[in-house]
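Residue numbers (the UniProt record's numbering): 1 to 494.
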């Protein structure tokens, strides 16, 4: 008997995963991944070759199909890393590489021209978020100022999603979530923002048509040169974090669940029914929102952008060993009791990080523990913001992504957050969420709730330990004071 499944192509910032997700239990039956290079042609530039991105996905699809047995594929769908842009000519051919969020181009423009033209309140009112350095609009303004001939030759401003759709022989469409991640989309009117486009001197046609995330945009029987065993409907897919919220339970209506998707970024958030602009409702909560994957939904989330990067920095620069065995050794020796004098500032963007309370008896293990504590303090700040915005109760957090592999980090989350934390059985929540949305679209399930009952499962649960949680409550207050005293903005010394 063949197993009903969805083929998910999940594009991350460093690699692509192709997963065959079983629709009746949410398990990944087959999976292949392939890395692509992150290029830096100049200091501060961060790019991916679009052809390499595409070919990596083609190769993974081939490798999965070569080993796949007893599977009935019902659709193909996608999950994409967001906040990227590629300039393309009139035929859709790349004029640049895919430029990533942390590329420095546009930094001065975000702080200068954009800041002069749009107040934070105005920009939040349009896009749901503030205009910061990772936004694509300032990057386009950089090209207009510094590469005017290239800018004039540009017919389209693609995301990775549009590039993949074009390579499939389909229209280079945006879904609502990826359009929002261009930060030039009006989240209320659901159209490209006339004030932002006028300021940049570009047209809506250059950014592309926008459709719901579960739209079937065509049918394919080949992926690149690879023949598929079925003619599959193509569901356009969405931003990885947003479909990931469904994979982490935070898209289930009336569930009281907040999702935590861990990785390079640590995202906490939820899907709300109806239109929400969290930034205009409560700017101090630091939770922002935009169009969700389903019609009449909103994504509400906050993020700490360097969570995974700080951990990688520690392993590379302090421990000089990024091997899986080295990670395992650090976690094996880690003890989180809340009684250490060390404080770690993880705000590494702009060289603002710091380590405080060092003494001659402190060890690498102590530094590791302090770093992990600080990252968990930051996620608590986001969680508290979510609770200010979310309607109804918020009594538990479901966790997926890389950090969910550590039982100790799950328990630390419960102790610092002061709430129940549950780890997903399948931590590849973006792929599972994308498959869940696709399964509902092709009518294998009636609705999100019924799909979630079958496809989402909890591996284990963690409750706060009162004594340890009380100590962390005090240390968390000390951490907030450390940040509020200007260390986050001024930097500090180690």
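Virtual Cβ for every residue (Gly too), placed ideally from N, Cα, C.
Selection from the options that minimises the alpha carbon distance to residue i
i	options	result
residue 187	260, 95, 378 and 278	278
residue 108	85, 94, 141 and 125	141
residue 269	295, 424 and 241	241
residue 3	443, 14, 26 and 12	26
residue 394	377, 215 and 419	419
residue 206	196, 155 and 49	155
residue 57	428, 429 and 76	76
residue 276	316, 284 and 296	296
residue 314	329, 367, 282 and 337	367
residue 117	39, 48, 40 and 198	198
residue 105	82, 153, 40 and 52	40
residue 209	128, 157, 113 and 14	157
residue 324	312, 359 and 426	312
residue 227	464, 318, 190 and 65	65
residue 84	69, 470, 13 and 22	13
residue 382	361, 413, 355 and 408	413
residue 274	327, 253 and 211	253
residue 98	51, 112, 42 and 111	51
residue 425	442, 441 and 407	407
residue 16	46, 22 and 53	53
residue 19	128, 169 and 71	71
residue 237	436, 130, 249 and 468	436
residue 153	132, 90 and 470	90
In DSSP terms, what residue i is bridged to
i	result
residue 197	Its beta-bridge partners do not exist; DSSP assigns none.
residue 77	8
residue 457	Per DSSP, none; premise fails for residue 457.
residue 423	399 and 460
residue 126	Residue 126 is not bridged to any residue.
residue 88	94 and 156
residue 485	In the DSSP output, where bridge partners are listed per residue, residue 485 has none listed.
residue 291	298
residue 233	219
residue 227	222
residue 258	397
residue 106	Bridge partners of residue 106: none, in fact.
residue 3	71
residue 162	In DSSP, residue 162 forms no bridge with anything.
residue 192	185
residue 179	Partner(s): none; residue 179 has no beta bridge.
residue 244	None; residue 244 has no bridge partner.
residue 272	298
residue 267	261 and 303
Proximity below 7 Å, CB of residue i to CB of residue j
i	j	result
residue 136	residue 183	yes
residue 73	residue 31	no
residue 357	residue 342	yes
residue 267	residue 261	yes
residue 416	residue 472	yes
residue 458	residue 389	no
residue 172	residue 162	yes
residue 265	residue 233	no
residue 451	residue 445	yes
residue 80	residue 11	yes
residue 344	residue 370	yes
residue 9	residue 102	no
residue 333	residue 82	no
residue 346	residue 397	no
residue 37	residue 243	no
query: Counting pairs of beta carbons, one from the region 92-106 and one from the region 122-130, are three or more of them closer than 8 Å?
result: no
query: Using 8 Å as the Cβ pair cut-off and three pairs as the minimum, do the region 166-184 and the region 283-297 touch?
result: Contact between the region 166-184 and the region 283-297 is present: 3 or more CB-CB pairs across the two stretches fall below 8 Å.
task: Please determine if the region 30-47 and the region 60-71 are in contact, where contact requires at least 3 C-beta pairs separated by less than 8 Å.
output: yes
task: Specify whether the region 370-387 and the region 473-484 touch according to this definition: at least 3 beta carbon pairs, one from each stretch, less than 8 Å apart.
output: yes
query: Counting pairs of beta carbons, one from the region 207-222 and one from the region 394-412, are three or more of them closer than 8 Å?
result: no
query: Residue ranges of each beta strand (DSSP E) run of no fewer than 3 residues wholly in the UniProt domain "Carbohydrate kinase FGGY C-terminal" (333-440), ordered along the chain?
result: 343-345, 354-356, 396-401 and 420-424
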